[in-house]
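Participant: Per the numbering used here, the very first residue in the sequence shown carries number 185; after that it's consecutive.
All residues carry an ideal CB built from backbone N, CA and C; glycine is no exception.
Note that this is a predicted model, so its numbers are computed, not measured.
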Amino acid sequence: QVQLVESGGGLVQAGGSLRLSCAASGSTFSTNIMGWYRQAPGKQRELVATISNSGSPNYVDSVKGRFTISRDNAKNTGYLQMNNLKPEDTAVYYCRSYRFVAPTGDYWGQGTQVTVSS
Numbered sequence: 185q186v187q188l189v190e191s192g193g194g195l196v197q198a199g200g201s202l203r204l205s206c207a208a209s210g211s212t213f214s215t216n217i218m219g220w221y222r223q224a225p226g227k228q229r230e231l232v233a234t235i236s237n238s239g240s241p242n243y244v245d246s247v248k249g250r251f252t253i254s255r256d257n258a259k260n261t262g263y264l265q266m267n268n269l270k271p272e273d274t275a276v277y278y279c280r281s282y283r284f285v286a287p288t289g290d291y292w293g294q295g296t297q298v299t300v301s302s
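1. Is residue 189 near residue 293, with beta carbons less than 8 Å apart?
2. Assign residue 258 to one of two classes, buried (16 or more other C-beta atoms within 10 Å of its C-beta) or exposed (fewer than that).
3. Work out the CA separation of residue 192 and residue 235 for me, nearest whole Å.
4. I think residue 280 touches residue 291, with their Cβ atoms under 8 Å apart; what is that distance to the nearest whole Å?
5. Please list, in chain order, all residues of the same chain as residue 222 whose beta carbon is under 8 Å from its beta carbon, the five residues on each side excluded.
6. Indicate whether residue 198 and residue 261 have their beta-carbon atoms separated by less than 8 Å.
7. Within the same chain, show all residues whose beta-carbon is closer than 6 Å to that of residue 214, passing over the 5 residues directly before and after it, in chain order.
8. Around the Cβ of residue 251, are there at least 16 other Cβ atoms within 10 angstroms (buried) or fewer (exposed)?
9. Determine the direct distance from the alpha carbon of residue 202 to that of residue 301, and round the result to whole angstroms.
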């Protein structure tokens with residue numbers, strides 16, 4: 185089992201920065217893929233970025249060059265550094281920890297609100 189708690193959301197002006205954290209409990213976090221997702225009002229949840237257990241990142245095109253995903257397996261914590269924020273980044277951001285090989289698992293945090301004002 186993995187439990188995830190996000191923090192670091194808030195209200196920021198366009199062009200500003202925020203750093204989200206995802207604190208995990210459980211023994212498999214360091215071997216799981218970690219991802220950040222977001223859901224804006226009236227829209228489906230969408231992928232933002234993922235990072236493998238060895239630290240290889242992937243980003244959706246809309247955040248490339250602005251967001252950086254990272255993880256500290258020793259601290260069981262993942263991060264999403266968000267720079268040059270835009271109003272369209274406004275959403276609830278969720279952390280996900282998962283693996284598709286045994287022992288399989290798929291865990292989500294409760295989300296943290298990010299609001300970017302223009």
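Facilitator: Reading it off the structure:
1. Walking along the sequence shown from the start, residue 189 turns up at place 5. Walking along the sequence shown from the start, residue 293 turns up at place 109. Yes; because the gap between Cβ atoms is below 8 Å, this pair is in contact.
2. In the sequence shown, the residue the question calls residue 258 occupies position 74. The residue is exposed, with fewer than 16 neighbouring Cβ atoms inside 10 Å.
3. One-based indexing of the sequence shown puts residue 235 at position 51. One-based indexing of the sequence shown puts residue 192 at position 8. The alpha-carbon atoms of residue 235 and residue 192 are separated by roughly 19 Å.
4. For the purposes of this step, residue 280 is taken as residue 96 along the sequence shown, with counting starting at 1. For the purposes of this step, residue 291 is taken as residue 107 along the sequence shown, with counting starting at 1. Contact holds; Cβ gap of about 7 Å.
5. Within the sequence shown, the letter at position 38 stands for residue 222. Result list for residue 222: 229, 230, 232, 273, 275, 276, 277, 278, 298, in chain order.
6. For the purposes of this step, residue 198 is identified with residue 14 of the sequence shown, where counting begins at 1. For the purposes of this step, residue 261 is identified with residue 77 of the sequence shown, where counting begins at 1. Contact: no.
7. Sequence index remark: in the sequence shown, residue 214 carries index 30 (1-based). Here the set comprises 257.
8. Locating residue 251 in the sequence shown gives position 67, counting from the first residue. So residue 251 counts as buried.
9. Position 117 of the sequence shown, counting from 1, holds the residue named residue 301. Position 18 of the sequence shown, counting from 1, holds the residue named residue 202. Roughly 13 Å separates the two Cα atoms.
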